[in-house]
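Undergrad: Following this message is one structure expressed as structure tokens.
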Amino acid sequence: MVATGLFSELFRFNLAYLARTLDGVSADKFFIRPEGRGNPLIWLLGHIVLNRGEIVELLGGDPSTRNLGDLFARGTKPSSDPSIYPPPQQLMTRFMKLSSTTDHLLKHVSESLLNQSSWGQFESVGQHLAYSYMHETHHIGQVTYVVNLPAFKTKRAGSSEHRKDSTTKIVLDSIRSVFSQT
């Protein structure tokens, strides 16, 4: 498999994992700030969507995320006013559309794109893409952590009680379930 195909697979995994992790989380939980100072789920999800938009732009597509920068760009501070944010489901729908665009672009670009110059601190599109994947995955990991805090705990269909005993078990069970669905 060529590198663009591998990237495509990794980004599809992130979509499936994020969707599964957020499944069943009520809209009001998206605005809880862990420890009163951590980033709430709404900010994390919006930031992930914004990052995916950058990936689409990097691959030559239209990100359609420019209106999210004031709320979710690096350095922005989460607001305690939920009314300024798009609904969580709307953000997730945008992420799914951007994921589909990412997948399409990666399947139809030349492998040579990865060696082309990129903007910012990155020498090549390949470096930029690798960093953006890692950045997205980092924030998806934060989402996983937040939804497993006691304030977020809800009994999900098909979950077992012993999952809460081990963070490693939670992550491994989630990964297994994503791969069993593909």
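Residues 1 to 182 in our numbering are what the sequence shown lists, from first letter to last.
Ideal Cβ placement from N, Cα and C applies to all residues, glycine included.
This one's a predicted model, so the numbers in the text were calculated from it and none came from an experiment.
1. To the nearest whole angstrom, what separates the beta carbons of residue 21 and residue 147, a pair I think is in contact under 8 Å?
2. Under 7 Å Cβ to Cβ from residue 101, same chain only, skipping five residues before and after it: list those, please.
3. Output needed for residue 9: all residues of its chain with C-beta closer than 7 Å, excluding positions within five of it in sequence on either side, in chain order.
4. Give the C-beta separation of residue 85 and residue 71 to the nearest angstrom, bearing in mind that I take them to be a contact with Cβ-Cβ under 8 Å.
5. How many Å lie between residue 186 and residue 45 at the Cα?
6. For residue 78 and residue 43, I'd like the C-alpha separation in whole angstroms.
7. The alpha helix (DSSP H) with residue 43 in it runs from where to where?
8. I need the straight-line Cα distance from residue 88 to residue 74, nearest angstrom please.
9. On a CA-only basis, which of 144, 108, 66, 54 is nearest residue 131? Give me that one, please.
10. Can we say the region 111-125 touches the region 18-36, given the rule of at least three CB pairs closer than 8 Å?
11. Using 10 angstroms around the beta-carbon of residue 134, count the other beta-carbons present and answer buried if the total reaches 16, otherwise exposed.
12. Which residue from 40, 11, 6, 16 puts its Cα closest to that of residue 51?
13. Is the Cβ-Cβ distance between residue 14 and residue 137 less than 8 Å?
14. Relative to the C-alpha of residue 23, which candidate in 112, 150, 143, 176 has its C-alpha closest?
15. Verify whether the separation of the beta carbon atoms of residue 91 and residue 59 is less than 8 Å.
16. DSSP state of residue 64, grouped into three classes?
17. Can you tell me which of 177, 125, 7, 17 puts its alpha carbon nearest to the alpha carbon of residue 139?
18. Specify the secondary structure class of residue 80 as computed by DSSP and reduced to three states.
19. Quick check on residue 8 - is its C-beta less than 8 Å from some C-beta in chain B?
TA: Working from what's here:
1. So it is a contact: roughly 6 Å between Cβ atoms.
2. Closer than 7 Å at Cβ, skipping near neighbours: 56, 61.
3. For residue 9, where only same-chain residues beyond five positions count, there are no Cβ hits under 7 Å.
4. At roughly 6 Å, the Cβ-Cβ gap stays under 8 Å, so residue 85 and residue 71 are in contact.
5. With the chain running from 1 to 182 in the structure shown, residue 186 is simply not present.
6. Straight-line Cα distance between these residues: approximately 6 Å.
7. Residues 41-58.
8. So the alpha carbons of these two residues sit roughly 19 Å apart.
9. It is 54 whose Cα lies nearest to the Cα of residue 131.
10. Because the criterion of three Cβ pairs below 8 Å is not met, the region 111-125 and the region 18-36 do not touch.
11. With fewer than 16 other CB atoms across the displayed protein chains lying within 10 angstroms of its CB, residue 134 is exposed.
12. Residue 51 has its Cα closest to that of 11, out of 40, 11, 6, 16.
13. Yes, Cβ-Cβ distance for residue 14 and residue 137 is below 8 Å.
14. Closest option to residue 23, Cα to Cα, is 143.
15. Note that the C-beta distance between residue 91 and residue 59 is not below 8 Å.
16. Here DSSP, grouped into helix, strand and coil, assigns residue 64 to coil.
17. Measuring from the Cα of residue 139, the nearest candidate turns out to be 17.
18. Reduced to three states, the DSSP call for residue 80 is coil.
19. In summary, chain B is missing from the structure at hand, where a single protein chain is found.
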